[in-house]
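Here the protein sequences come in this chain order: B and H.
Position 262 of the first sequence, counted from 1, bears residue number 256 in the working numbering, the numbering being contiguous throughout.
So the mapping is simple: the working numbering equals the position in the second sequence, first residue as 1, plus 511.
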Amino acid sequence: MKSLIDILDLSVEEIDSLIKTSEDSIGNPGDYADACRRKKLATLFFEPSTRTRLSFEAAMYELGGNVLSVAGGGTSSAAKGESVADTAKVVSCYADIIAIRHPKEGAAYVAAQNATVPVINAGDGGHCHPTQTLADLLTIKREKGGFSGLTVGVCGDLKFGRTVHSLINALSRYDGMKFVLISPEELKVPSYVKNETLKKKGIPYEQTTDMSDALPELDILYMTRIQKERFFNEEDYLRLKDTYILTPDKLRNARHDLCIMHPLPRVNEISVAVDSDPRACYFRQALNGKYIRMALILMLLERAVKI
Amino acid sequence: MNIDSIRNGVVIDHIKAGSGMRLCRLLGLDDTELTVAIIRNVTSAKMGRKDIIKIDSVTSVNLDLIGYVDPGATVNIIRNGQVSEKLSLDFPEKLVNVIKCKNPRCITSCEQELPHIFRLTDRKSGEYRCIYCETKA
C-alpha cells in the first residue's frame, strides 16, 4: 500500500504516468466515470481549504466514487483531543483512501503510519503539499509541452511557501532547469533547499529582490501569496504583504509565451486586470488540480484505466 | 588525581573534553544510584585533553545517544577487572527519543505520545533531521 506524503515519494516515471493518465482523462472522461465505483474517499481537513478539498472531492465524483468529509477540526473528534494516529486508524475502517490537511508539520506522515488505507498529504502546515506540485507539473506540461530547458521564476514567500519548496524539488529532477528566486530578504528560500537540492545537483539559480528585472528571461513565473497564517508576528506580515504585485504594466517586458502560475488563493499579488491576459494560467492550473488528483486516486487505489 | 579502577562496570573513554557532563546528564547518570565518576580534562596523547565516565556496574548505556553526542568516544565493558568488550561508536542512522524536535509547528509539539525520531541526513557533518517535519536537530 502506497501513500503520498512528499512529492519525492514519487519517481519521475510515476509522475510521468500520472500526467499521462490526467491528459487521457481530459480527452476521454467517459472511460473514467466508473473507475472508482463503490470506493470512498475521506477528506479530513483540519485547516481551511477551498480548492484542495473541493478538487479532491470533485476528482472522486468524476471517478464514480463517494466522499466522506470532515471540514474543520472543530466538528470532528480532534476537538475532543483525538490524536492524528487514532483518527487515521478509525477513518481507515470507513474509507478506502484518505486525503488529510493538518496545520502541524508531519501530521500526514503520522496518519500514513497508522492508517490501513492509502493516505494523501493535502498539506501539512508549511511542510509539504505534494498534490499542488502535481497540479503545477501537469500545468507546466500542458502549457509548455515538457520540463526541459525552462527558466522558472518563483516569487513571493519563498521561506514558508511549501508549494515553492516542493516545486523546486520536483523540477530539479529534470534537465536544463534554471531558477530565479524572487523574494524579500526576510522570506528567502531556506538554505537547506539551496544546499540539498540546487547546489547539490548543480542547478543554476539567481536570487533577487526585484521582480521587474527578472521578468524578461522567464518561461514561467510562479507567484505566491505572503501567508498571514505562517507569521508569529503580525507586524512582519503587514510590512511584507504588498512587496510584489503583478500588473499588466509590469508584464510588458515579459515573454509573449510566459506562463503565469499561482497556487491560489491570491490576495493582491496578481492584479485582477492580469486575469484576461492569455499568459495567466492560474485558473487552468486549478482545473488541472482535479485531473491530477483523479490520476493519483486511481494510482493509489490500483484502479488502472487502459489508455 | 587517582580514581580507583573498577572491577565490573562501563568506561566511556575518549569523550571530547567538555562533553562529559552533558553526556552524563543525557544518559541519566546524574539521577542514578549507581557509583559514577566523571573525570574531566584528562591528559591524552591522542586528543590532548579528554573526558572519561566510569560507572561501577555493568549497566546498559544508550550507545545511540553516546554516538550522537560524540561519535569519537569508545565504550569499554569491564568484567573481573579486564576489558571484556571494546565498542567503537559512530553516528547512529536513527535517534529515537534521544533529542526533541524544537519546531513549534511539528506534530510532535502537540501529540505528546509520539516518539521523537530523527534520521541522520549527513554523516560528514553529523546532521540529523526530524522524520516528521524535517527540521534540523
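We treat Cβ as the ideally placed atom computed from N, Cα and C, and that holds for glycine.
With 16 other Cβ atoms within 10 Å as the buried cut-off, status of residue i
i                 : result
Lys235 of chain B : buried
Cys87 of chain B  : exposed
Leu232 of chain B : exposed
Met288 of chain B : buried
Arg219 of chain B : buried
Val6 of chain B   : exposed
Glu229 of chain B : exposed
Ala29 of chain B  : buried
Gln279 of chain B : buried
Beta carbon proximity, residue i to chain H, threshold 9 Å
i                 : result
Ala79 of chain B  : yes
Tyr186 of chain B : yes
Residues near residue i in its chain [Cβ-Cβ closer than 6 Å; skip 5 each side]
i                 : result
Thr127 of chain B : Ile1, Ser160, Leu161 and Ala164
Ser555 of chain H : Lys561
Leu540 of chain H : Val547
Gly637 of chain H : Phe602
Glu200 of chain B : Val174
Ala105 of chain B : Val78, Ala82, Ile94 and Val113
Arg249 of chain B : none
Minimum Cβ-Cβ distance from residue i to chain B less than 9 Å
i                 : result
Ile470 of chain H : Outside the displayed range of chain H (512 to 648) lies residue 470 of chain H, so it cannot be described from this structure.
Arg634 of chain H : no
Tyr639 of chain H : no
Ser620 of chain H : yes
Thr543 of chain H : no
Asn587 of chain H : no
Lys647 of chain H : yes
Cys535 of chain H : no
7 Å Cβ shell around residue i - same chain, five flanking residues per side excluded
i                 : result
Ala89 of chain B  : Lys34, Leu35, Ala36, Leu62 and Val111
Ser530 of chain H : Asp562, Val580 and Asp581
Met171 of chain B : Leu144, Val146, Leu165 and Ile197
Tyr285 of chain B : Ser16, Ser19, Ile20 and Leu132
Proximal residues of chain B, C-beta to C-beta of residue i below 7 Å
i                 : result
Leu625 of chain H : Val104
Arg616 of chain H : Lys98, Glu99, Gly119 and Gly120
Interface partners of residue i on chain B, CB under 9 Å
i                 : result
Tyr655 of chain H : Residue numbering for chain H in the displayed model covers 512 to 648; residue 655 of chain H lies beyond these limits and cannot be assessed.
Cβ shell of residue i (< 8 Å), same chain only, five flanking positions each side left out
i                 : result
Ser620 of chain H : Cys612 and Asn614
Val609 of chain H : Leu537, Asn573, Asp575, Leu576, Tyr579, His627 and Phe629
Ala109 of chain B : Ser(-3), Ala82, Lys83, Val85, Ser86 and Ile92
- Listed in chain order, which residues of the region 97 to 126 of chain B have Cβ atoms closer than 7 Å to some Cβ of chain H? Listed in sequence order: Lys98, Glu99, Gly100, Ala101, Tyr103, Val104, Gly119, Gly120 and His121.
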